[in-house]
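> I'd like to ask you about the structure that follows.
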Amino acid sequence: MTATYRDDGGRAMAPLSGNMLTRALTGGSLVRNLALGVLIIFLGFLTIYPLAMLVYGSLHTTPPGIAGEFNLNGYRQILTERNLLVLLNTVGISFAKTIPSLGLAVLLAWIIARTDTPYRGALEILITLPFFIPPVLTAMAWGMLGNPQVGVVNIAWRWLTGSDQPLVNVYSYGGVVWHMCQYSIPFLFLFLVDAFRAMDPSLEESSRMCGATRWTTFRKITLILLLPILTSSFMLSLIRGIESFESPLFFGTPAGITVITTEIYEAINHRASPDYQYATALSLAIMVLMFTLVIWQWWLLRGRSFQTVTGKGYRPNITELGAWKWVTFGFCVLFFFVTVVLPVGQLLLGSFFRFFGFYTYDMLTLEHYRAVFANSEFWRALRNTMMLGLMGATAVMVLGSIVAYISVRTKWRGRRLIDAMAWLPWMMPGMVLGVGFLWAFAMLPGPISIYGTIWALMLAYIALGTPVATRVMTGSYHQLSYDLEECSRVHGASWFQTLWRILVALAWPAFAVGWVLTFFGIMRELSASILLYSIGSEVLSVVLLKLWSAGNAEQVSVIGLMMMLLVILFRWVQIKLLNSRISKL
Amino acid sequence: MSDRPAGGKRQRGTGRDPEEVLVELLKTVRKCALAAAGLMLGLAPAAAQAEDWAKVVDAAKQEGTLVLYTAFVGQPSTRLVADAFTAEFGIPVEILEARASEIRERVRVEQAAGRFAADVLFTSDSQTKVYVAEDKSVAPIPPSPSQAKVKGSFDMGDLPFAPVMIIPYGILANTNLVSEADMPKKWADLTDPKWQGKILADDPRASGGGYATFFVTHEALGEDYHHQMAKQKPTLTRDQRESQRRVARGEYALYIPLILTDAAGLKGLPVKAIVPEEGVPYVLYGNVLLKNAPHPNAARLYIDFLQSPKAQAIYAAQGHGVVTEGAGEGLPDELKAIVDAPLLGKTDPARLTEMMAKAKKIYGE
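Here you go:
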């Protein structure tokens with residue numbers, strides 16, 4: 001069993017000191033240190049600086065720029081029995097959604113990447129769609145489907161069974177968890193599917209040869225090899241669950257469920273004056289708790305190697321399921337139907353009627369599409385968002401690749417620091433971090449005018465995307481064997497050629513997935529956007545908020561559907577490119 | 586005027602206090618004194634003012650643009666009024682929208698950092714009191730021609746706030762679930778046991794329409810009214826627009842409070858907007874001039890324009906109550922009923938903490 005991964009104890013230094021790339025850089029250690037220094041300063045500016053503003057806010061009676069005094073009142077206030085219950089509630093909900101989500105995502109990733117299930121290419125795109133729809137829309141759709149009084153699901157249930165009790169009620173703990181799962185399953189799936197693909201089956205084959213059953217092999221070989229990506233994605237998802245806001249707000253508040261984020265929201269929005277001291281203290285306390293999780297992951301992965309992509313040619317082992325492939329196919333279709341067709345069908349249908357849920361002939365209309373297309377602000381925002389998304393996602397993936405490379409494949413001093421810095425933005429609830437960015441950019445010395453320009457948004461997006469970008473690339477680099485780099489250099493390739501032909505080429509699938517995740521992350525981001533956008537640099541999420549606030553849910557759906565079309569297009573192109581790449585290698 | 590901080594704030598509100606009467610009296614005396622001073626300074630003040638105002642208009646045109654921050658998110662009236670202003674004076678209006686707490690933090694930080702970007706802020710009078718008291722980001726509003734047209738009941742005293750329109754709150758009922766005979770006619774009707782479990786309500790424990798209605802009906806109908814309402818077990822939510830739709834779809838019979846301005850957008854759905862007989866709780870919106878505004882004259886001109894008959898008519902046509910006489914003339918009956926609805930009252934920001942705690946006590950944590 002221990003053959004499933006190599007304990008690098010004794011060998012740890014050998015491959016690393018032999019690593020050509022590293023050696024190439026150690027030659028000019030001054031240049032290297034300088035480059036590392038620049039990277040640390042840049043990451044520090046993006047992550048530590050806004051957080052430092054928030055630390056100031058938590059220790060000071062007034063926000064930056066107003067006279068006040070330093071005290072610990074913020075921290076004293078959070079130490080209440082009620083908050084402890086709220087915290088337990090929040091963590092409980094997050095575990096309740098992360099564990100089944102991870103299980104389902106692993107199952108789906110395995111089906112798509114490692115079995116001969118029919119139409120898995122199309123399914124791969126389709127089952128990830130819910131992740132890309134603005135949460136407010138799926139919340140509305142599920143509210144229409146699953147409300148106990150007149151929800152479509154419950155009407156169908158009553159009609160079928162004659163029961164007078166509803167089958168589901170989305171305004172409950174179950175509803176909150178379910179709505180969160182809609183986002184975490186595709187998110188985790190995207191994270192995992194390429195790791196499943198990039199796997200040399202030789203270890204699995206050895207296991208089978210030694211008499212292990214298929215299930216034992218899956219458990220003891222496949223899953224253990226995927227430990228870095230599994231733990232990374234588990235933590236990303238768990239932390240995001242703790243910070244989730246829309247699901248508890250829509251489905252939890254009516255049922256009296258309070259979580260940390262709704263508590264913070266209340267402190268900022270629903271008091272006589274926003275209590276930033278309390279809100280920031282609470283967020284920072286939660287952040288410390290979350291960081292212990294990251295340290296736990298470091299401990300779990302320490303000194304081990306998870307390389308599965310080596311110089312030897314391989315094809316991922318495709319399990320032939322026989323007749324069972326129709327069962328796995330059916331499962332994927334069922335998943336697609338429940339998580340995509342049901343809610344998105346509502347949105348699509350509703351977008352052609354004057355009002356959601358009132359599907360009569362005389363209500364048929366194209367006015368929502370016309371209104372959106374005629375809205376000049378929408379086009380301007382779309383242009384800005386596309387520009388920010390394309391540039392931001394690319395920049396963030398380059399940054400994430402560099403950070404991941406240094407933290408995984410070098411032994412440089414300071415690599416832990418940058419890895420930790422790249423985690424930070426993920427651990428702050430968006431609405432608080434947004435305030436951190438606002439304070440940070442506005443309070444820069446006068447001549448540095450980032451605030452009020454589109455660059456404020458760009459920098460915030462890069463900071464917000466860094467954790468995902470870094471995690472995606474970290475998982476991928478963990479899988480690459482060092483012999484590939486060495487081989488390349490031995491055969492006379494330059495450092496740059498090696499970087500390009502080996503690291504970039506082999507990590508490209510992860511890069512592409514990370515790019516799509518961060519691109520749509522940027523498209524959806526509201527908390528920081530609304531505090532940083534300026535006149536002329538409106539973004540799509542702000543336009544969506546305006547339309548939603550004006551009661552134009554149908555127009556919001558039209559835009560949501562267009563965003564989904566874009567996802568399908570991107571994913572299709574990506575998978576096409578990916579296939580041509582793989583066939584070349 | 587700027588030498589007067591928000592000292593008398595606590596007395597504003599319900600208007601039953603004898604102290605209030607005294608304050609009003611003092612204000613009247615002060616106004617008379619100011620008017621007398623004005624008379625002494627100029628022989629023909631009206632003509633002089635008109636001439637001064639022409640200078641303001643010219644200077645505003647020179648400044649070339651106006652930057653408006655608004656906490657009134659997504660409403661078409663903002664653009665309509667801005668376009669009317671541009672049509673009249675040729676000055677384009679740049680608008681930045683965000684929710685109240687976000688706008689406030691942006692304004693506060695910009696002022697603190699010396700990055701003065703905004704001229705005028707469109708917000709509620711209660712928010713303005715907070716800006717004045719805590720952020721010190723608001724400048725006094727200089728006199729302008731349209732001010733004289735504002736109804737006496739909207740006299741803001743020392744508050745540097747130019748009232749423009751009101752957002753009135755009423756009741757929404759599903760017409761498939763509630764027969765015409767059963768329709769509630771006033772707030773007090775909602776305590777009838779037949780509505781138990783059938784009311785969807787904006788959360789009274791969170792600032793917004795729910796809290797405003799709680800505050801005002803608490804003052805007007807008494808605390809016991811809310812103890813009875815709590816027994817109705819209303820379902821509490823935080824999304825006003827989606828809640829209206831939920832009632833339309835038949836999840837609940839009633840929704841409170843309905844932003845009456847939204848009624849027009851719900852036409853075609855099986856719902857009815859009710860203006861309660863006791864009157865409507867409301868939020869008063871208006872303009873604030875920000876300190877160090879980059880376009881001060883355009884700002885003055887804009888603030889004046891929003892109290893002019895043209896802008897007031899635009900708001901009335903959108904179903905808002907307005908602050909000048911006669912803006913509701915010629916409107917269709919159902920819109921006129923909303924625009925002219927009797928006003929029950931508005932919140933007092935000085936009592937927010939106290940009343941929020943009370944709402945939590947009555948409706949549960």
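Chains as they are written, first to last, in this note's numbering: chain A, 1 to 585; chain B, 586 to 950.
Think of the CB as a built atom: it goes at the ideal place given N, C-alpha and C, for glycine as much as any other residue.
Between L531 (chain A) and chain B, is any beta-carbon pair separated by less than 7 Å?
It does: the Cβ of L531 (chain A) has a partner Cβ on chain B nearer than 7 Å.
> Would you kindly work out how many angstroms separate the C-alpha atoms of V539 (chain A) and T385 (chain A), rounded to a whole number?
One C-alpha to the other measures close to 5 Å.
> When you compare the segment 806-821 of chain B with the segment 777-787 of chain B, are there three or more beta-carbon pairs, one atom per stretch, that lie closer than 8 Å?
Yes: the two stretches touch, three or more of their Cβ pairs being nearer than 8 Å.
> Would you check if the distance between the CB atom of L526 (chain A) and the CB atom of V468 (chain A) is smaller than 7 Å?
In this structure, V468 (chain A) does not lie closer than 7 Å to L526 (chain A) by Cβ.
> Taking only beta carbons into account, state which residues of the segment 650-669 of chain B come closer than 8 Å to chain A, listed in chain order.
Residues V652, V658, G659, Q660 and P661.
> With the cut-off set at 7 Å, would you say L282 (chain A) and I264 (chain A) are in Cβ contact?
Result yes, Cβ atoms of L282 (chain A) and I264 (chain A) sit closer than 7 Å.
> Could you check if L49 (chain A) is buried or exposed, using at least 16 other CB atoms within 10 Å of its CB as the buried criterion?
Per the sequence shown, residue 49 (chain A) should be read as Tyr rather than Leu. Under this definition Y49 (chain A) is a buried residue.
> Hey, which unbroken runs of the alpha helix (DSSP H) at 4 residues or more fall wholly within the segment 507-566 of chain A?
Taking only runs of at least 4 residues, the alpha helix (DSSP H) segments lying wholly in the segment 507-566 of chain A are 527-532 and 540-549.
> Just to confirm the assignment: which complete beta strand (DSSP E) runs, minimum length 3, are found wholly within the segment 207-294 of chain A?
For the segment 207-294 of chain A, not a single whole beta strand (DSSP E) run of length 3 or above is found.
> Give every residue of the same chain whose Cβ lies closer than 6 Å to the Cβ of L547 (chain A), excluding the five residues on either side of it in the sequence, and list them in chain order.
Excluding sequence neighbours, L547 (chain A) sits near Q555 and V556.
> Decide if the segment 227-242 of chain A is in contact with the segment 756-773 of chain B; the criterion is three or more beta carbon pairs, one per stretch, under 8 Å apart.
No, because fewer than three Cβ pairs between the segment 227-242 of chain A and the segment 756-773 of chain B fall closer than 8 Å, the two stretches do not touch.
> Among the residues of its own chain, which have a CB less than 7 Å from the CB of F519 (chain A), if the five just before and after it don't count?
If we look at F519 (chain A) and ignore the five residues flanking it on each side, its Cβ neighbours are G389 and A393.
> Distance cutoff 7 Å, beta carbons only. Does V763 (chain B) sit that close to anything in chain A?
With 7 Å as the cut-off, V763 (chain B) does not count as an interface residue toward chain A.
> Could you tell me how far apart the beta carbons of L349 (chain A) and Y361 (chain A) are, in whole angstroms, since I believe they sit closer than 8 Å?
With 8 Å as the limit, L349 (chain A) and Y361 (chain A) do not qualify as a contact, their Cβ atoms being about 13 Å apart.
> For T820 (chain B) and chain A, any beta-carbon pair shorter than 7 Å?
For T820 (chain B), the answer is yes, since a Cβ of chain A falls inside 7 Å of its Cβ.
> So is A442 (chain A) in contact with chain E if we call contact Cβ pairs under 7 Å?
Protein chains in the displayed structure are A and B, and chain E is not among them.
> Rounded to whole angstroms, what is the Cα-Cα separation between G536 (chain A) and E679 (chain B)?
Answer to the nearest angstrom: the Cα atoms are 9 Å apart.
> Compute the distance between the beta-carbons of L188 (chain A) and F336 (chain A), then report whether it is under 7 Å.
No; because the gap between Cβ atoms is not below 7 Å, this pair is not in contact.
> In chain order, what residues of the segment 841-858 of chain B put their CB closer than 7 Å to some CB of chain A?
Taking 7 Å as the Cβ-Cβ cut-off against chain A, the residues of the segment 841-858 of chain B that qualify are D847, G850, G853 and L854.
> Using a Cβ-Cβ distance cut-off of 7 Å, determine whether V715 (chain B) contacts chain A.
By this cut-off, V715 (chain B) is an interface position.
> Name the chain A residues that come within less than 7 Å of P934 (chain B), Cβ to Cβ?
What P934 (chain B) touches in chain A: A272.
> I need the DSSP call for Y171 (chain A), collapsed to helix, strand or coil.
The answer is coil: DSSP assigns Y171 (chain A) none of H, G, I, E or B.
> Do V856 (chain B) and A833 (chain B) have their CB atoms nearer than 7 Å?
The answer is yes: Cβ separation under 7 Å.
> Nearest chain B C-beta to I268 (chain A) closer than 7 Å, yes or no?
By this cut-off, I268 (chain A) is an interface position.
> With a CB to CB cut of under 7 Å and the five nearest residues on each side skipped, what residues in its chain are close to V177 (chain A)?
Cβ neighbours of V177 (chain A) beyond the five flanking positions: I93, A96 and K97.
> Since L843 (chain B) is in the alpha helix (DSSP H), which residue starts that stretch and which ends it?
Here L843 (chain B) belongs to no alpha helix (DSSP H); instead the beta strand (DSSP E) covers L839 to I844.
> Give the DSSP-derived three-state secondary structure of I318 (chain A) in the structure shown.
I318 (chain A): coil per DSSP, three-state reduction.
> Since T597 (chain A) and A422 (chain A) are thought to touch, with beta carbons under 8 Å apart, how far apart are those beta carbons, to the nearest angstrom?
For chain A, the structure presents residues 1 to 585; residue 597 (chain A) sits outside this window and is missing.
> Do the segment 557-567 of chain A and the segment 116-133 of chain A touch if we need at least three Cβ pairs shorter than 8 Å?
Touching, per the Cβ criterion.
> Mind pulling the chain A residues with CB within less than 9 Å of T938 (chain B)?
Under the 9 Å cutoff, chain A gives R271 and A272.
> Any C-beta of chain A sitting closer than 7 Å to the C-beta of L681 (chain B)?
Yes, its Cβ sits closer than 7 Å to a Cβ of chain A.
> Could you give the uninterrupted runs of the alpha helix (DSSP H) lying entirely in the segment 131-179 of chain A, keeping only those of 4 residues or more?
Correct list: 135-146 and 152-161.
> Answer yes or no: do V543 (chain A) and Y533 (chain A) have a C-beta to C-beta separation smaller than 7 Å?
Not in contact: V543 (chain A) and Y533 (chain A) (Cβ atoms no closer than 7 Å).
> Between G864 (chain B) and the rest of its own chain, which residues show a CB-CB distance below 6 Å, the 5 nearest in sequence each way excluded?
Excluding positions up to five away in sequence, the list reads P927, L928 and L929.
> Which residue from B:P677, B:A685, B:F674 and B:V666 puts its Cα closest to that of N658 (chain B)?
A small fix is needed here, since residue 658 (chain B) is Val in this sequence, not Asn. For the residues B:P677, B:A685, B:F674 and B:V666, the minimum Cα distance to V658 (chain B) belongs to B:A685.
> Indicate the three-state DSSP secondary structure (helix, strand or coil) for L626 (chain B) in the structure shown.
Any reading at L626 (chain B) needs caution, since the residue's pLDDT is 46, under 50, leaving its predicted position unreliable; the model's value is listed next. Helix at L626 (chain B).
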